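**Student:**
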Amino acid sequence: GVSEAVQADCRAGRPERQFLKVGGYMDGVISELFSTTLRLFALMTPPAVLSAFLSGTKNYSAGQKRRTALSTGSAVFIIALVLYFFGDSIFGAFGFTLDAFRIGSGTLLFLTAVSLMNETADHPSMPIDADISVVPLAIPLCMGPASIGTVMVMGASAVTLKSRLIGACSLLIALSLIHI
């Protein structure tokens with residue numbers, strides 16, 4: 113219910129104090145939502161994603177490019193939400209630590225980059241009609257070691273319902289902006 117102080121303010125003819133308390137609360141939520149969204153957007157949109165998308169879809173029609181972008185965005189959102197809410201539990205079940213995951217993912221990212229650099233027009237590393245939306249675009253480019261680590265730490269540190277909802281909404285907003 114409404115606190116006794118707020119009820120007393122309303123009875124005394126000072127409802128503006130109640131409004132200021134709610135406004136201050138909403139300002140904090142909005143600024144936290146904005147800063148979290150901005151941080152996630154910057155982490156999940158490195159220039160390598162755009163260049164990989166452009167080079168991987170150069171032979172695609174406009175419709176195929178849109179489907180690939182939508183597929184990539186959906187995959188990143190699902191992966192991010194699962195890691196945000198259950199990352200610690202998943203890693204604990206397999207005995208992974210965040211540092212071990214970073215080393216393994218970094219190695220995978222390095223090997224993917226080397227194979228893409230050695231690719232020629234005569235010998236592409238992936239078939240022309242291959243779906244690139246999940247690998248390499250969603251993982252490891254959009255959701256690489258830094259993004260996964262950040263999302264897991266955010267999820268582990270979000271203990272209240274408010275902070276959990278702000279994190280989930282920030283993920284949705286950031287990934288919607290990426291898709292645009």
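Residue numbers for the sequence shown follow the working numbering, beginning at 113 and rising by one. Ideal placement from N, C-alpha and C gives every residue a C-beta, glycine not left out. On a predicted model such as this, the values are computed, not experimentally measured, just so you know.
Would you grab the beta carbon distance between E263 and L195 for me? Rounded to a whole angstrom, and I think it's under 8 Å.
**Tutor:** As a position in the sequence shown, residue 263 is number 151, starting the count at 1. As a position in the sequence shown, residue 195 is number 83, starting the count at 1. For the sequence presented, residue 263 should be read as Val rather than Glu. Contact holds; Cβ gap of about 5 Å.
**Student:** Could you tell me the distance, in whole angstroms, from the CA atom of G104 to the CA atom of G267?
**Tutor:** Outside the displayed range of the chain (113 to 292) lies residue 104, so it cannot be described from this structure.
**Student:** Got a sec, what are the start and stop residues for the alpha helix (DSSP H) C254 sits in?
**Tutor:** Numbered from its first residue, the sequence shown carries residue 254 at position 142. That residue, C254, is in no alpha helix (DSSP H); it is neither H nor E in DSSP.
**Student:** Taking buried to mean at least 16 other C-beta atoms within 10 Å of its own C-beta, is M229 buried or exposed?
**Tutor:** Stepping through the sequence shown from its first residue, residue 229 is reached at position 117. Its Cβ having fewer than 16 others within 10 Å, M229 is exposed.
**Student:** Using a Cβ-Cβ cutoff of less than 8 Å, which residues in the same chain neighbour A164 once the five nearest sequence positions on both sides are dropped?
**Tutor:** Locating residue 164 in the sequence shown gives position 52, where the first residue counts as 1. Cβ within range, chain order: L228, I244, P248, L249, L253.
**Student:** Just the Cα atoms here: how many angstroms apart are L273 and T219?
**Tutor:** Mapped onto the sequence shown, residue 273 falls at position 161. Mapped onto the sequence shown, residue 219 falls at position 107. C-alpha separation (whole angstroms): 36 Å.
**Student:** For A192, which residues of its own chain have a beta-carbon under 6 Å away from its beta-carbon, when the five flanking residues on both sides are left out?
**Tutor:** Position 80 of the sequence shown, counted from the first residue, corresponds to residue 192. V263, L283.
**Student:** Between the alpha carbons of A225 and C281, how many angstroms are there, rounded?
**Tutor:** Start at 1 with the first residue of the sequence shown, and residue 225 comes out as number 113. Start at 1 with the first residue of the sequence shown, and residue 281 comes out as number 169. Answer to the nearest angstrom: the Cα atoms are 32 Å apart.
**Student:** Contact check, L145 vs I278 under 8 Å by CB: the rounded distance?
**Tutor:** Taking the first residue of the sequence shown as position 1, residue 145 is located at position 33. Taking the first residue of the sequence shown as position 1, residue 278 is located at position 166. About 5 Å separates the two Cβ atoms, so the contact holds.
**Student:** At the level of alpha carbons, what is the spacing between I98 and S201?
**Tutor:** Examination of residue 98 is not possible in this model, given that the chain is present from 113 through 292 alone.
**Student:** Where does I190 land, buried or exposed, given buried means 16+ other C-beta within 10 angstroms?
**Tutor:** Numbered from its first residue, the sequence shown carries residue 190 at position 78. Classification of I190: exposed, given that the 10 Å Cβ count is below 16.
**Student:** Could you check the C-alpha separation between I285 and L150 for me, to the nearest Å?
**Tutor:** The residue given as residue 285 occupies position 173 in the sequence shown. The residue given as residue 150 occupies position 38 in the sequence shown. Approximately 9 Å between the Cα atoms of the pair.
**Student:** Considering only the beta carbon of each residue, do V188 and M138 sit closer than 8 Å?
**Tutor:** Counting from one through the sequence shown, the residue named residue 188 turns up at place 76. Counting from one through the sequence shown, the residue named residue 138 turns up at place 26. No, the pair does not count as a contact, with Cβ atoms beyond the cut-off.
**Student:** Ends of the alpha helix (DSSP H) at I102?
**Tutor:** Within the shown structure, residues of the chain are numbered from 113 to 292, placing residue 102 beyond reach of any answer.
**Student:** Along the alpha helix (DSSP H) that carries P248, what are the first and last residues, could you check?
**Tutor:** Mapped onto the sequence shown, residue 248 falls at position 136. Element bounds for P248: n/a, residue is neither H nor E.
**Student:** Pop quiz: K177 and T169 are said to be a contact at Cβ under 8 Å. What is the actual Cβ separation, rounded to whole angstroms?
**Tutor:** On the sequence shown, residue 177 is found 65 positions in, with the first residue counted as 1. On the sequence shown, residue 169 is found 57 positions in, with the first residue counted as 1. Going by Cβ atoms, the distance from K177 to T169 rounds to 5 Å, so yes, they are a contact pair.
**Student:** Check this for me: beta carbons of S259 and M156, under 8 Å apart or not?
**Tutor:** Here residue 259 refers to the residue found at position 147 of the sequence shown. Here residue 156 refers to the residue found at position 44 of the sequence shown. Yes, the pair counts as a contact, with Cβ atoms nearer than the cut-off.
**Student:** Rounded to whole angstroms, how far is the Cβ of F203 from the Cβ of F213, which I believe are closer than 8 Å?
**Tutor:** Position 91 of the sequence shown holds residue 203. Position 101 of the sequence shown holds residue 213. Right, their Cβ atoms sit about 7 Å apart.
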